[in-house]
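Q: Okay, so the sequence shown: first residue is 2 according to our numbering, each after it adds one.
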Amino acid sequence: MNDTIKIVRTTSENLDFVHLIAVLDKSLWERYPELKANYWGNNILELNPNVIVIYKDNKAVGCGCFKKYDTNAIEIKRMFVSPEARGMGLAQTVLQELELWALDSGFTFSVLETLSKQKEAIALYQKSGYEIVENYEPYVGLSNSICMRKKI
2 MNDTIKIVRT TSENLDFVHL IAVLDKSLWE RYPELKANYW GNNILELNPN
52 VIVIYKDNKA VGCGCFKKYD TNAIEIKRMF VSPEARGMGL AQTVLQELEL
102 WALDSGFTFS VLETLSKQKE AIALYQKSGY EIVENYEPYV GLSNSICMRK
152 KI
């Protein structure tokens, strides 16, 4: 592989992460305009010390982060790979790096939420060992949400 891939552990103040999240939000609102009111509050970019940005040839092309969910679990948030970098396994790389970081931090489980139309994301998570579970707060009662869990 001639492409240079670099994985960086950073924070939510990283400008490349901020840019990728803006692109992610724009794409989500274009794809799901009817959900914006229900989900907007769940996607506020809060200060987060557990962010991964992945670079291909020195260009930020993917990201993800996690936050503490409970004593034993983290919640995966803001997973995104830019369209031009999809199909290269970068999302799986980001996910694995987040899980390793969480494991090193003493967590044993990972949870996440995605939308039912995100077929590629659901397939990625299932391939990575996540199982669909009942929706957890704040997604209880939101029929478009798919919640998943994995022992890491």
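Virtual Cβ for every residue (Gly too), placed ideally from N, Cα, C.
Assuming contact is defined by CB atoms lying nearer than 7 Å, are residue 95 and residue 142 in contact in what I supplied?
A: Taking 7 Å as the Cβ cut-off, residue 95 and residue 142 do not qualify as a contacting pair.
Q: Taking residue 145 and residue 125 to be in contact with their CB atoms under 8 Å, please state how far apart those CB atoms are, rounded to whole angstroms.
A: 18 Å between Cβ atoms; not a contact.
Q: Under three-state DSSP, which class holds residue 147?
A: Looking at residue 147 - three-state DSSP - the assignment turns out to be strand.
Q: Measuring alpha carbon to alpha carbon, tell me which residue in 29, 15, 59, 132 is nearest residue 51.
A: It is 15 whose Cα lies nearest to the Cα of residue 51.
Q: Can you tell me the Cβ-Cβ gap for residue 67 and residue 75, rounded? I've got them flagged as a contact below 8 Å.
A: 4 Å between Cβ atoms; contact.
Q: Using only the alpha-carbon positions, how far apart do residue 12 and residue 21 sit?
A: Using only the alpha carbons, I get a separation of about 13 Å.
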